[in-house]
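Trainee:
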Amino acid sequence: MSRVKPKHQRLVLGVMALVALICAGLLAAYALRNNANYFYLPNQMASDPPPTDRDVRLGGMVEAGSLRTLNDGVTIAFNVTDQESGRIPVRFSGIVPDLFVEGSGVVAEGRLTGEGVFRATNLLAKHDENYVPRELEEMSKHQAEELVVEAREAQ
Amino acid sequence: MIAELGLAALWLAFALCVLQLGAAIAGGREQGAVLAAIVRPAAIVQGLLCGIAFLMLLWVFAITDLSVGLVAANSHSAKPMIFKLAGAWGNHEGSMLLWVTVMALAGALIAGLERRLPENMMRATLGAQSFVALGFYAFLIFSSNPFARLAQPAPEGAGLNPLLQDIGLALHPPVLYFGYVGLSVAFSFAVGALLTRQVNPDFARVTRPWVLAAWICLTLGITAGSYWAYYELGWGGWWFWDPVENASLMPWLAATALLHSIGVLAARDALRAWTILLGVIAFSMSMLGTFLVRSGILTSVHAFAVDPERGAFILFLLGVYIGGALLLFGLRAGAVAEGERFAATSKEGALVFNNVMLCAILGIVLLGTLYPLLTEAFDVRVSVGPDYFNPVSAIFVVPMLIVMAIGPLLRWRRDSLERIARPAALLTAVALVVLGFVALLFEVSFLALLGLALSAALALASFMPLRGRRLARVPMSVWGMVVAHFGIAVALFGMASESAFTVERLAAVEAGATTSVGPWQVRLDSVEPVAGPNWTALEARLSARTSERGAPTVLTPQSRNFWAPSQATTESALATRWNGQLYAVIGNQTDDGRWQLRLWWKPFVTFIWYGGILVALGGGLAIAGRVRSDLRRRIVGRRMAERRADEAHLEEAAA
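Quick note, the sequences are listed as chains A and B, same order.
The first sequence: position 99 = 99 (the working numbering), numbered continuously.
So the number in the working numbering is just where the residue sits in the second sequence, counting from 1, plus 155.
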């Protein structure tokens, strides 16, 4: 083992490196299929719910009038909707992002529970006029226009 | 006028760059040999011109010249001076100008100072450097001119993203860019060596300081960026596997591999083709990072421009440079003679193993970063987070750390495992004891447990190369290795400890009430409005104490509202102790008047960044040691030449 035939050393090293890298690639591909977090719109989540043991992302608008704080003072409940009929109730414990208000866009990371409530572990909101979570960018055109108006007013 | 001066300097530099490339190509032929003499001066003047252009940009930002589009879009007259200046590179155009400037200055530096290599290789290197720079000049001038004027001067600037108005972040981009661009020098040297077929230890010795310097900058840049994300975002995490973070991590991984393999080439004349390939990969990762960040293909606070044309331009450059370099490598690699051989159990063997591990980790990070882009092509939106990166990279990190512990104990060329059996057994024992101790006393995740055990063994192992040596005689570069490896152990300990022992408390608290987190009792004294130069805030006063006696530590987290541009941020407050940090964030007021507080007690979290600083310090020691021994070698060489001349004189006189 300790003595490689000198003539082939470079070849052997190259092949070993290649094998290691291919292993890494296969492993990565396998892990990615199982661990990537898929993105859902509310109506997609309602019609085809993700498994409850899987982290996913839910994106949409915070429904006007649905936002309330529970008694513990740190948990909020609200509905995420899209322009269609989908509506998913969400709960989140923590400090909400700075630009999180009713009617604004949001992406929630977390899991759907058995009762159909989405338990968010993290909320991503519009950061400023330049930073919009990618998923929100391609929402309805109407909403995009609203965002632009909002951003102009903010300036 | 100032903006026009800057633009003129930039155009002149661009022209000189074309001239430099032409002269380097023509200089290789017989009829063009005269031109060879202008390659170095062209590089030096080009560096100066770029420096002037960048100074002009700083100037227009310093005086807030609102007729310049870039200033109007990114600055504001009410901003503190330091952030006005930082605003110059806190945007797409300015940061690209900074990139080009650093690259031109690096080119000027090698043109002016480097005399050790054969002239034809220097010419090829400077030619390659100008070829790479050319694309970035074109990008800057034709698609992102930083000096463009507005038809109508703006009444007031739009301001800089408040998240970026932070001293750490003002320095973060320049440091990272020095790293990226340092790797461009290594890339140019590699191309020069390939073109002139001189892949040898001399090439390695000349390139090594650049790789080291780039690697130090990347290390510091990543460390600073991680700390910034930790305290500025207010999420309590120190690494988010954000694509932009990955974009800086990937060149670091490649540079780490390159650094070690170039050391083998310099010391032992082995791993020739491999080192060249790593040089190409390292700079490719820098450019890929720039592409990912600058093209706007990924969104984050870093993605200044969402402009498909620019993205396409950088992608095109990326294709030309990486494709071209790999093609050149493929054509010439066969011609690079195989270097010295070595046995599998040897210092070289260990270094090669870890090189491969680093490349595997690089591949895993790369795939994870690009995967969302791939799936998007099929209209499936995914995001990839720690669930993927942590366990999958650990599969390769763990064996790498083990080999890193024992590798430095091995001898060059050939060694046997029996010879290092005793230190290896000692290290295993230490790791197992820590493992058992932690597993019995605490309930922690497997990866954190492994991290704690490995960090203990690694910390001990990092000092083992000093065993049995007279400390005063140990070369500086060995000290560099010891300190850097120890830094890795320290950082690993911080990461594992943070992940294993962090306690979090989320509560709604009335003014005057007390809550607890870990060993701390935290009292909310008051919440008051305060005002800064361009923001207003609600500031909470928290008194934190760990025991009844003694004065409490006061923390003042804020919820800030900036007005230019209008944006709200949470400013966390930290209380640092030797054994960890108390981290506090204030949220909204609830309807019944309580305030939301989020507190973390993070034992030994600071070790993550101490470790990063130690790693960079180790790099600094290595550079100092190499430069000193190079100088000494030069002085000795000169003395020898003088003595030989003297002897020749004497002999002549005697005859």
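Every residue, glycine too, gets a C-beta built ideally from N, C-alpha and C.
Would you mind telling me which residues of chain B sit closer than 9 Å to Q44 of chain A, beta carbon to beta carbon, in chain order?
Mentor: As a position in the first sequence, residue 44 of chain A is number 44, starting the count at 1. What Q44 of chain A touches in chain B: nothing, since even the nearest Cβ is about 10 Å away.
Trainee: What are the residues of the segment 86-97 of chain A that lie near chain B, defined by any Cβ-Cβ distance shorter than 8 Å?
Mentor: Listed by position along the chain: S93, G94, I95 and V96.
Trainee: DSSP three-state label for A458 of chain B, please.
Mentor: Numbered from 1 along the second sequence, position 303 holds the residue referred to as residue 458 of chain B. At A458 of chain B, the pLDDT of 40 sits below 50, so the modelled position is not reliable and the matter cannot be decided from this model.
Trainee: Assuming W690 of chain B and W718 of chain B make a contact with CB atoms under 8 Å, what is their CB distance in whole Å?
Mentor: Counting from 1 along the second sequence, the entry for residue 690 of chain B is found at position 535. Counting from 1 along the second sequence, the entry for residue 718 of chain B is found at position 563. So it is a contact: roughly 7 Å between Cβ atoms.
Trainee: Between the segment 522-534 of chain B and chain A, which residues of the former have a C-beta closer than 7 Å to a C-beta of the latter?
Mentor: Within the segment 522-534 of chain B, the qualifying residues are L522, G523 and Y526.
Trainee: Which two residues bound the contiguous beta strand (DSSP E) that contains V658 of chain B?
Mentor: In the second sequence, the residue the question calls residue 658 of chain B occupies position 503. Here the beta strand (DSSP E) through V658 of chain B covers V658 to V664.
Trainee: Since L116 of chain B sits in a beta bridge, which residues does DSSP pair it with?
Mentor: Residue 116 of chain B cannot be examined here, being either before or after the span of chain B that is shown, 156 to 810.
Trainee: Under 9 Å, CB to CB, which of the residues in the segment 728-743 of chain B have a partner in chain A?
Mentor: Those would be V740, I741, G742 and N743, in chain order.
Trainee: For chain A, check one thing: does any of its Cβ atoms lie closer than 8 Å to the Cβ of A811 of chain B?
Mentor: The structure shown does not extend to residue 811 of chain B, since chain B is modelled only from 156 through 810, so no value can be given for it.
Trainee: Could you tell me the alpha carbon to alpha carbon distance between A584 of chain B and E503 of chain B, rounded to whole angstroms?
Mentor: Within the second sequence, the letter at position 429 stands for residue 584 of chain B. Within the second sequence, the letter at position 348 stands for residue 503 of chain B. Using only the alpha carbons, I get a separation of about 26 Å.
Trainee: Check for me: the beta strand (DSSP E) holding I180 of chain B runs from which residue to which?
Mentor: Taking the second sequence and counting its residues from 1, one reaches residue 180 of chain B at position 25. Per DSSP, I180 of chain B belongs to no beta strand (DSSP E); it is in the alpha helix (DSSP H), I157 to G182.
Trainee: Between T725 of chain B and chain A, is any beta-carbon pair separated by less than 8 Å?
Mentor: Numbered from 1 along the second sequence, position 570 holds the residue referred to as residue 725 of chain B. Answer yes: the Cβ-Cβ gap between T725 of chain B and chain A drops below 8 Å somewhere.
Trainee: Can a CB atom of chain B be found closer than 8 Å to the CB of D72 of chain A?
Mentor: On the first sequence, position 72 is the one that residue 72 of chain A refers to. Yes, contact with chain B.
Trainee: Is there at least one Cβ from chain A nearer than 8 Å to E493 of chain B's Cβ?
Mentor: The residue given as residue 493 of chain B occupies position 338 in the second sequence. Yes, its Cβ sits closer than 8 Å to a Cβ of chain A.
Trainee: Counting contacts by CB-CB distance shorter than 8 Å, is R10 of chain A in contact with chain B?
Mentor: Here the question's residue 10 of chain A lines up with position 10 in the first sequence. Taking Cβ atoms only, chain B reaches closer than 8 Å to R10 of chain A, which makes this a yes.
Trainee: What are the boundary residues of the alpha helix (DSSP H) that S403 of chain B is part of?
Mentor: As a position in the second sequence, residue 403 of chain B is number 248, starting the count at 1. Run containing S403 of chain B: P398 to R423, per the alpha helix (DSSP H) assignment.
Trainee: My assumption, with CB atoms under 8 Å, is that V537 of chain B sits in contact with Y38 of chain A. Please give the rounded CB distance.
Mentor: For the purposes of this step, residue 537 of chain B is taken as the residue at position 382 of the second sequence. For the purposes of this step, residue 38 of chain A is taken as the residue at position 38 of the first sequence. About 5 Å; that satisfies the 8 Å criterion.
Trainee: Quick one: is Q307 of chain B buried, meaning 16 or more other Cβ sit within 10 Å of its Cβ, or exposed?
Mentor: Your numbering for residue 307 of chain B matches position 152 in the second sequence. Under this definition Q307 of chain B is an exposed residue.
Trainee: Can you give me the Cβ contacts of V558 of chain B inside the same chain, cut-off strictly under 7 Å, excluding the 5 residues immediately before and after it?
Mentor: Numbered from 1 along the second sequence, position 403 holds the residue referred to as residue 558 of chain B. Correct list, in chain order: A505, F508 and N509.
Trainee: Would you kindly work out how many angstroms separate the C-alpha atoms of K239 of chain B and P273 of chain B, rounded to a whole number?
Mentor: For the purposes of this step, residue 239 of chain B is taken as the residue at position 84 of the second sequence. For the purposes of this step, residue 273 of chain B is taken as the residue at position 118 of the second sequence. Rounded to the nearest angstrom, the two C-alpha atoms are 45 Å apart.
Trainee: Who pairs with G60 of chain A in a beta bridge, going by DSSP?
Mentor: In the first sequence, residue 60 of chain A corresponds to position 60, counting from 1. Answer by DSSP bridge pairing, in chain order: A:V106.
Trainee: Could you list which residues in chain B have their beta carbon closer than 7 Å to that of R185 of chain A, in chain order?
Mentor: For chain A, the structure presents residues 1 to 155; residue 185 of chain A sits outside this window and is missing.
Trainee: Do G766 of chain B and G623 of chain B count as a contact pair if the criterion is CB distance below 8 Å?
Mentor: Within the second sequence, the letter at position 468 stands for residue 623 of chain B. Within the second sequence, the letter at position 611 stands for residue 766 of chain B. Cβ distance not < 8 Å, so G623 of chain B and G766 of chain B don't count as in contact.
Trainee: Using a Cβ cut-off of 9 Å, pull out every chain A residue sitting near A662 of chain B, in sequence order please.
Mentor: Position 507 of the second sequence, counted from the start, is the residue given in the question as residue 662 of chain B. By Cβ distance, chain A contributes D72, G73 and V74.
Trainee: Any beta carbon from chain A within less than 8 Å of Q175 of chain B's own beta carbon?
Mentor: Looking up residue 175 of chain B in the second sequence gives position 20. It does not; no Cβ of chain A falls within 8 Å.
Trainee: When you check each C-beta in the segment 16-48 of chain A against every C-beta of chain B, which residues fall closer than 8 Å?
Mentor: From the segment 16-48 of chain A, only M16, A17, A20, L21, C23, A24, G25, L27, A28, A29, A31, L32, N35, A36, N37, Y38 and F39 have a Cβ closer than 8 Å to chain B.
Trainee: Take the Cβ of T454 of chain B as the centre, count every other Cβ of all protein chains shown within 10 Å, and call the residue buried at 16 or more, exposed below.
Mentor: Residue numbering aside, residue 454 of chain B sits at position 299 when the second sequence is read from its first letter. Note that T454 of chain B scores a pLDDT of 48, beneath 50, so its modelled location is shaky; the value from the coordinates is reported in the next line. It counts as buried.
Trainee: Would you kindly work out how many angstroms separate the C-alpha atoms of I519 of chain B and W396 of chain B, rounded to a whole number?
Mentor: Residue 519 of chain B sits at position 364 when you count from the first residue of the second sequence. Residue 396 of chain B sits at position 241 when you count from the first residue of the second sequence. So the alpha carbons of these two residues sit roughly 12 Å apart.
Trainee: Determine whether the Cβ of R678 of chain B lies closer than 8 Å to any Cβ atom of chain A.
Mentor: As a working note, residue 678 of chain B is residue 523 in the second sequence. No, its Cβ sits nowhere closer than 8 Å to a Cβ of chain A.
Trainee: Would you kindly work out how many angstroms separate the C-alpha atoms of R98 of chain B and D785 of chain B, rounded to a whole number?
Mentor: Since the first residue of chain B shown is 156 and the last is 810, residue 98 of chain B is not available in this structure.
Trainee: For W365 of chain B, which three-state DSSP category applies?
Mentor: Looking up residue 365 of chain B in the second sequence gives position 210. Of the three classes helix, strand and coil, the one that applies to W365 of chain B here is helix, per DSSP.
Trainee: Could you compute how far the alpha carbon of T724 of chain B sits from the alpha carbon of G245 of chain B?
Mentor: Position 569 of the second sequence, counted from the first residue, corresponds to residue 724 of chain B. Position 90 of the second sequence, counted from the first residue, corresponds to residue 245 of chain B. C-alpha separation (whole angstroms): 18 Å.
Trainee: Since V511 of chain B meets chain A, which of its residues come closer than 8 Å, beta carbon to beta carbon?
Mentor: Position 356 of the second sequence, counted from the first residue, corresponds to residue 511 of chain B. Those are M16, A17, A20 and L21, listed as they occur along chain A.
Trainee: Got a sec? Which residues, its chain only, sit under 7 Å from I778 of chain B by beta carbon, not counting five neighbours each side?
Mentor: To locate residue 778 of chain B, count along the second sequence from 1; it is residue 623. Cβ neighbours of I778 of chain B beyond the five flanking positions: P364, L367 and A368.
Trainee: Any beta carbon of chain B sitting closer than 8 Å to that of L67 of chain A?
Mentor: As a first step, residue 67 of chain A must be located in the first sequence, where it is residue number 67. No, L67 of chain A does not count as interfacial toward chain B.
Trainee: How about S334 of chain B: is its C-beta nearer than 8 Å to some C-beta of chain A?
Mentor: Reading the second sequence from its first residue, position 179 is the one you call residue 334 of chain B. Checking the sequence, you will find Gly at residue 334 of chain B rather than Ser. No, because no Cβ of chain A sits closer than 8 Å to the Cβ of G334 of chain B.
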